[in-house]
Structure formats: structure tokens, C-alpha cells
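Asker: Chain order of the listed sequences is B and X. Once you know that position 390 of the first sequence is 525 in this note's numbering, the rest is easy, because the numbers rise by one and skip nothing. Once you know that position 28 of the second sequence is 374 in this note's numbering, the rest is easy, because the numbers rise by one and skip nothing.
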Amino acid sequence: MHNHVLSDLPRTAMEKPDKIAYSDGKNSLTFREVYEQSRKIGSFMHKEGIYKKPVIVFMKKSPQEIAAFFGTVTGGNFYVPVDEEMPAGRIRMILENVKPPLIICDESTEKKAADFEVENCLIKRYDELLDTTINDEALTEIYEKAIDTDPIYIVFTSGSTGVPKGVVACHRSVQDYVTQLSETLGFNGDTVFGNQAPLYFDACLKEIYPTIRYGATTYFIPKSCFSFPVSLVNFLNDHQINTICWVVSALTMVSAFGTFDMVKPEYLHTVAFGSEVFPPKQLQIWRRALPDASFTNLYGPTECTGMCCFYRVNREFEEGEVIPIGHPFENRQILLLEDGKEVPFGEQGEICVRGTAVTLGYYNDPERTGQAFVQNPLNTAYPEMIYKTGDIGRYNDAGELCFVSRKDYQIKHMGHRIELGEIEVNVDSLEGVKMAACVYEDVTKKIVLFYIGEASEKDLMVAMKAKLPRYMLPNRTIKLDRMPFTANGKIDRVTLKAKAKEE
Amino acid sequence: MAPFVRQNERNGMDELLKILNELHPEVDFETEDNLIDDMILDSFDIVTLISEIHDVFDVTIDAKYIIPENFNSADAIYALIQEIEEED
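1) According to DSSP, simplified to helix, strand and coil, what is residue 258 of chain B?
2) Rounded C-beta distance between residue 582 of chain B and residue 610 of chain B? I'm assuming under 8 Å.
3) Consider the Cβ of residue 397 of chain B: report whether some Cβ of chain X lies at a distance smaller than 8 Å.
4) Could you spell out the range, first to last residue, of the beta strand (DSSP E) harbouring residue 570 of chain B?
5) Where does residue 411 of chain B land, buried or exposed, given buried means 16+ other C-beta within 10 angstroms?
6) Give a yes or no on contact between the stretch 289 to 309 of chain B and the stretch 254 to 267 of chain B, applying the rule of three or more CB pairs nearer than 8 Å.
7) From what residue to what residue does the alpha helix (DSSP H) around residue 367 of chain B run?
8) Let me make sure I understand the geometry here. Which of B:346, B:345 and B:329 has the alpha-carbon closest to that of residue 382 of chain B?
9) The ligand FMN and residue 198 of chain B: does the residue's C-beta get closer than 7 Å to at least one heavy atom of that ligand?
10) On the CB-based measure, 16 or more other CB atoms within 10 Å of its CB, does residue 172 of chain B come out buried or exposed?
11) For the stretch 196 to 204 of chain B against the stretch 214 to 223 of chain B, are there 3 or more C-beta pairs whose distance is under 8 Å?
12) If you draw a straight line from the alpha carbon of residue 532 of chain B to that of residue 414 of chain B, how long is it in whole angstroms?
13) Please confirm whether residue 361 of chain X has its beta-carbon closer than 8 Å to some beta-carbon of chain B.
14) Hey, how far is the Cα of residue 347 of chain X from the Cα of residue 365 of chain X?
15) Please return the same chain residues whose Cβ sits closer than 8 Å to the Cβ of residue 349 of chain X, not counting the five positions on each side in sequence.
16) Is there a Cβ of chain B sitting closer than 8 Å to that of residue 419 of chain X, yes or no?
17) Which runs of the beta strand (DSSP E) spanning at least 3 residues fall entirely within the stretch 266 to 325 of chain B, listed in chain order?
18) Can you tell me which of the three DSSP states residue 597 of chain B falls into?
19) For the beta strand (DSSP E) holding residue 331 of chain B, just list the boundary residues, first then last.
20) Which value, in whole angstroms, describes the spacing of the CA atoms of residue 472 of chain B and residue 423 of chain B?
21) Compare the C-beta of residue 348 of chain X against all C-beta atoms of chain B and say whether one is closer than 8 Å.
22) Taking 8 Å as the cut-off, does the stretch 591 to 608 of chain B touch the stretch 546 to 556 of chain B (at least 3 CB pairs, one atom from each stretch)?
23) Does any residue of chain B have a CB that is nearer than 8 Å to the CB of residue 394 of chain X?
24) Under 7 Å between beta-carbons, which chain X residues line up against residue 611 of chain B? List them in chain order, please.
25) Which one of B:157, B:353 and B:386 has the shortest CA to CA distance from residue 360 of chain B?
26) Would you kindly work out how many angstroms separate the C-alpha atoms of residue 424 of chain X and residue 371 of chain X, rounded to a whole number?
27) With 9 Å as the limit, tell me which residues of the stretch 374 to 395 of chain X have their beta carbon closer than that to any beta carbon of chain B; keep them in chain order.
28) Decide if residue 621 of chain B is buried, meaning its Cβ has at least 16 other Cβ atoms within 10 Å, or exposed.
29) Where does residue 520 of chain B fall in DSSP's three states?
30) Is it right to say residue 568 of chain B is buried, meaning 16 or more other beta carbons lie within 10 angstroms of its own, or is it exposed?
31) Inspect the CB distances between the stretch 221 to 237 of chain B and the stretch 509 to 520 of chain B and report whether three or more fall short of 8 Å.
32) Does chain B have any CB closer than 8 Å to the CB of residue 410 of chain X?
33) Does the pairing of the stretch 351 to 368 of chain B with the stretch 330 to 342 of chain B give three or more beta-carbon distances under 8 Å?
34) Let me make sure I understand the geometry here. Which of B:206, B:225, B:186 and B:375 has the alpha-carbon closest to that of residue 160 of chain B?
35) For residue 138 of chain B, collect the residues of the same chain with a Cβ closer than 6 Å to its Cβ; drop the 5 residues on either side in sequence, then sort them by chain order.
36) Assuming residue 523 of chain B and residue 485 of chain B form a contact by the criterion Cβ under 8 Å, report the distance between their Cβ atoms to the nearest whole angstrom.
Structure representation (C-alpha cells):
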């Protein structure tokens, strides 16, 4: 098959068998190991008759987790990453949505996986799967029968109703994204990636697929490094990392505390960032520290397979100025729409995406798929899906696309996309809470939760931890005697936002 | 003057505990001494903490001080604040 996401893996494994493909600094897999282990896992699935099914990968972030992803695709299935950071309630919702026939786990997650008692589902440790004999004939047949619109993964993103949405992406979208991103940022066989993004979102596509295409290397940077800027830069230097695609908050962590006065990244030449607004002052500190490096702003929703637009920083920005999201990659078009029509140049409209990058929709969720993936209103001649991002954008005078705001209560916090409604629904369901409302304080970047009820702030925090992923936990929890309402009876979020600012 | 100094220290520690308790009301910061190794404080918490310490104590914590040993307990954080205050 043409366009298969793993089409480059056999060649790379042949050309660079002993080169490290993925490593966390201590534990590594070479290309030959990734190839062989993924073929064993694929063969296991074939032996069990698991084909064209969602397979849960519930493992500690590791090189082996990537081989489990590839093994799932090798077996003709699609992977659904679940992480130990996710609370049990959220994992259960994911399991109920996808109904997996198999969960791949490791020693650290084996017990938790068994506790879910999923019906008709095998639970296997990664190392057990490696006992399988590779069935070349079966794997070749699976490969040849695959088509490029077959799904390869589902990743779950925040949903305002409290139920996360599973975005399904196919070979073709990922392959095209890898091509466009790699050409734009100049990835090649000498690229050494320093990965920051978790593996349970599409953000990690930037590193894991270019690594096999070019025979590059990806290091997973330990999460603890991102709290300690000097150890973070030391990690980059120890492993000669030259390319990073991080959330803005991780870059700011380094630049805001004078880290470059002590230590500088020696090998870094390519820096990409996204998901959030980069304060010009911090960008400036980075550019001064690394005058020869390229800096690229990326933008894109999960529903459009990684990133859609890029802007290579080529000028200075004043404090308060917006760094553009620039222009779409090839094979994608951005439409700025309002009421089904394109807005005039310079005016604001909803950012809508058309092209190969648009994913297949939300898994087992026709209703919410239908709300966001819609017929292109500018085309009445034949079926053509576009994705409505809910982001508002406009073109600046230079013709560069700029992000303006959100249409709804979705926020970006520490690089994570969060529906404030999802937090509220979960908190409302807790004992001792009568009503909850969340606001995002843009200046200090804090999620502030207001609630009324008998529960103490402490008890509430403990209860929320069992329901929400850590990145969704409010940074401040404030108990009120009464909730402010607007004249027409809605929660008065303007007042709450002002209150959050005062705190 | 000794009792007066002790009083100040107590107040400073109370201020710090207040900041910490607002971040994580569910944690007992007076006894917890593994805040980093047990992953109670994440990178967002560290950034918030440094900025609030700056506001309350007028102390700037540079990268060279942002190491795990200085953040594993309220006592360690408070000792760091005092160390930087003395340097100034």
C-alpha cells in the first residue's frame, strides 16, 4: 500500500539497525528492535483474530509504548493511548466508547488495567507479547490490504458535556502531515528530537513518525526536567538534542528565570512552539540566546491531524503584539467563515480547515461529529467535509493569519486543550457541591473554580483528583456563599472573572 | 531582639504555607517533605510558587536556585527564601 505510516520502517531498520530510535535517556530501542517488536505484536493480534479494531495501549511513557503503537498498526488495528496520569473515571469512559478487544499494558499499569473488568477484552503485558513468533505471511497480507483512509489512532480530547471525544485519524492524513512538517522544519537523519508532549495526544506525531522516516532519534525528556530549567538544558546538551517542538509554557520556564546566563543549549538549531500565545519578551530571550536557530509558531486542532499552519519568526515583536499563525501547510486550506460565507479580508471569522488533514471524525459519536465536521458551505456541488475549529481568526495587513479568540469556553492551559464545561460537569457531580463555575484568568494563566455547597476546598480538591486529569485541576478553588447571576439567569462569568483577577 | 526575629520567621513561614495551601489545599505542607520526588508539585506549581514568592517576599528566585532540593518541603523553600534575602 502507498501512504502507509509504517512504509519507511523496514528500510530504516535495514539501513540503521543499531541506531537508537527512541530513548528516555536510560531505556532505549534501536530501529531493528522497534521493527522486530512491532512485528511480534502485530503477529500476536493476527493470531488472536484482532483486526480493524481499537487496541488500548496503557503503558508508562517509554520507547516500548511507541513499538506498541506501531505493533497495533502492523496488526491492521488502530491504537488508543491511555495514560496513568488519567483518572480512572476518564479511562472508563474511553473504554466504554471504544470497547477494545485488547489492552496492552506494562508492569506499572497491569493491575489498574485489570480493575476495569472490560468485557471480552484480553489484557497483555508488552513483554508477554514479545514471545510471539513473527508471521511474515500474515503481516504482508495485512499490509497489502490496508488502504490509506484506514484509521491508525484515536486520541481523546476534552468535551464540554463532560464526556471526552475520540478523534480518529488515518494513514493519509498522518503521512501528509509528516511530509509537510518535515520539509518546513528541515528534519533529516541528523535530527535529534527532544520530545516534551505526552504520547496520548496528537502532538507527539511531530517526533515519532519523522523519526522512522528519516532514521532520526527521539529522546523523551523526563517530565521532572520541565520543573527545573538547568537540568532541562543539561538534558538537551547531554543528548545533543537539536530540535524541539514544545508547548510555550515549557519554553517560558527556561527563558523566564535567567537560565541562559548559566547554561545554553549547545546543539539546538530548530525550535517550534504552539498551542498558546508566546509572550514576545520570552521569545526575544530565546532568540538572543540562540541567534542562529529557527523559531516557528505552529497552529492546529487535533481534529486536523497535528498542526495546520506555521509561521517562521522573521522579525522582532513588540510586547503585546500577536505572533501570527501564518499560512497553512500544503494540502490544507483555511477558510474564515461567518454565517456560511467567507469574511472580507482583514475581518474576523471562524477558522475552518479543508483538505487531507481533516480527520475521520469522533469515534462512536455521530452527533458531535456532525456538529463540527460539516459540508463546506462554499461548495454545493459534491460532498466535501471541513472542520469548524471554533477558533476566531483574522488576516493581518501582511496577509498572515492570526488567532484572535475562542467562540466558546474552550481554553489552552499549559499546552492542553480544556473545555471549562467539562470541569464544571465533573465538579457539579460531586457530593457537597450545589453549583460550580470555572473561569480562566488570562494574565496569571490560572483555572479558577468557584462553587457553592457544603464541601470544604480541601475535600473538593481530593474528590476532583479522582475525576479529572491533573492538567484540568483548577489552580485555585474558591467557595462562595452565593453564585452571581446575570439578569437572564445565567452564571455571571464576567463578575467571576473579575473576582478571579482580584484573588 | 531574639523573640522578635522568631516572630518574623513564623509570619514568613505562615505566608509561605498560605501560598502553598492555596495551590494544593489537600496537602499537609507542614509535614510533607517529598514534594518533588512524590510529584506533588509539577512545573506549573513551581512557576506559580516562584511568582507568588516574588510578590509576597520581594525575592527573585533565579534558575540556579530552581533545583529539586530547594523545593522538596516548605522548610526547604523557606530556607531558600531566607538565603536569597541574606545575599541581597
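Note that beta-carbon positions come from the ideal geometry of N, C-alpha and C, so glycine has one too.
Answerer: Put simply:
1) Here the question's residue 258 of chain B lines up with position 123 in the first sequence. Correct three-state label for residue 258 of chain B: strand.
2) Taking the first sequence and counting its residues from 1, the one referred to as residue 582 of chain B is at position 447. Taking the first sequence and counting its residues from 1, the one referred to as residue 610 of chain B is at position 475. That belief holds up - the Cβ atoms of residue 582 of chain B and residue 610 of chain B are roughly 5 Å apart, short of 8 Å.
3) Taking the first residue of the first sequence as position 1, residue 397 of chain B is located at position 262. True, the Cβ-Cβ gap to chain X drops below 8 Å.
4) Taking the first sequence and counting its residues from 1, the one referred to as residue 570 of chain B is at position 435. Per DSSP, residue 570 of chain B belongs to the beta strand (DSSP E) from 570 to 576.
5) Here residue 411 of chain B refers to the residue found at position 276 of the first sequence. Buried: at least 16 other Cβ atoms inside 10 Å.
6) no
7) Counting from 1 along the first sequence, the entry for residue 367 of chain B is found at position 232. From DSSP, the alpha helix (DSSP H) with residue 367 of chain B extends over 364 to 373.
8) Here the question's residue 382 of chain B lines up with position 247 in the first sequence. The residue with the shortest Cα to Cα distance from residue 382 of chain B is B:329.
9) With respect to small molecules bound, the structure shown includes none, and the ligand FMN cannot be examined in it.
10) Within the first sequence, the letter at position 37 stands for residue 172 of chain B. The residue in question, residue 172 of chain B, is buried, as its Cβ has 16 or more Cβ neighbours within 10 Å.
11) yes
12) Your numbering for residue 532 of chain B matches position 397 in the first sequence. Your numbering for residue 414 of chain B matches position 279 in the first sequence. Cα to Cα, the separation comes out at about 21 Å.
13) Position 15 of the second sequence, counting from 1, holds the residue named residue 361 of chain X. Residue 361 of chain X does not count as touching chain B.
14) By one-based count along the second sequence, residue 347 of chain X stands at place 1. By one-based count along the second sequence, residue 365 of chain X stands at place 19. With a pLDDT of 41 at residue 347 of chain X, under the threshold of 50, the modelled position of this residue cannot be trusted; read the value that follows with caution. Rounded to whole angstroms, residue 347 of chain X to residue 365 of chain X spans 28 Å at the Cα level.
15) Reading the second sequence from its first residue, position 3 is the one you call residue 349 of chain X. Since pLDDT at residue 349 of chain X reaches only 45, below the 50 mark, its modelled position is unreliable, and no value is offered.
16) Reading the second sequence from its first residue, position 73 is the one you call residue 419 of chain X. No, residue 419 of chain X lies away from the interface with chain B (no Cβ there is under 8 Å from its Cβ).
17) 286 to 292 and 300 to 305
18) For the purposes of this step, residue 597 of chain B is taken as the residue at position 462 of the first sequence. Reduced to three states, the DSSP call for residue 597 of chain B is helix.
19) Within the first sequence, residue 331 of chain B is the residue found at index 196, counting from 1. Residue 331 of chain B -> no beta strand (DSSP E), and no H or E assigned at all.
20) In the first sequence, counting from the first residue as 1, residue 472 of chain B sits at position 337. In the first sequence, counting from the first residue as 1, residue 423 of chain B sits at position 288. Roughly 38 Å separates the two Cα atoms.
21) In the second sequence, residue 348 of chain X corresponds to position 2, counting from 1. With a pLDDT of 45 at residue 348 of chain X, under the threshold of 50, the modelled position of this residue cannot be trusted; read the value that follows with caution. No, because no Cβ of chain B sits closer than 8 Å to the Cβ of residue 348 of chain X.
22) yes
23) Here residue 394 of chain X refers to the residue found at position 48 when the second sequence is read from its first residue. It does; some Cβ of chain B falls within 8 Å.
24) One-based indexing of the first sequence puts residue 611 of chain B at position 476. Under the 7 Å cutoff, chain X gives 368.
25) For the purposes of this step, residue 360 of chain B is taken as the residue at position 225 of the first sequence. Ranking B:157, B:353 and B:386 by Cα distance to residue 360 of chain B puts B:386 first.
26) What you label residue 424 of chain X is simply residue 78 of the second sequence in a count that begins at 1. What you label residue 371 of chain X is simply residue 25 of the second sequence in a count that begins at 1. So the alpha carbons of these two residues sit roughly 18 Å apart.
27) 382, 383, 385, 387, 388, 389, 390, 391, 392, 393 and 394
28) Reading the first sequence from its first residue, position 486 is the one you call residue 621 of chain B. Looking at its Cβ environment, which holds fewer than 16 other Cβ atoms inside 10 Å, residue 621 of chain B is exposed.
29) If you number the first sequence from 1, residue 520 of chain B lands on position 385. Of the three classes helix, strand and coil, the one that applies to residue 520 of chain B here is strand, per DSSP.
30) The residue labelled residue 568 of chain B in the question sits at position 433 within the first sequence. Per the 10 Å Cβ criterion, buried.
31) no
32) Taking the first residue of the second sequence as 1, we reach residue 410 of chain X at position 64. At least one chain B Cβ lies under 8 Å of residue 410 of chain X.
33) yes
34) Numbered from 1 along the first sequence, position 25 holds the residue referred to as residue 160 of chain B. Answer by Cα proximity: B:375.
35) Here residue 138 of chain B corresponds to residue number 3 of the first sequence, with the count starting at 1. For residue 138 of chain B, where only same-chain residues beyond five positions count, the Cβ hits under 6 Å are 283, 306, 307 and 310.
36) In the first sequence, the residue the question calls residue 523 of chain B occupies position 388. In the first sequence, the residue the question calls residue 485 of chain B occupies position 350. With 8 Å as the limit, residue 523 of chain B and residue 485 of chain B qualify as a contact, their Cβ atoms being about 6 Å apart.
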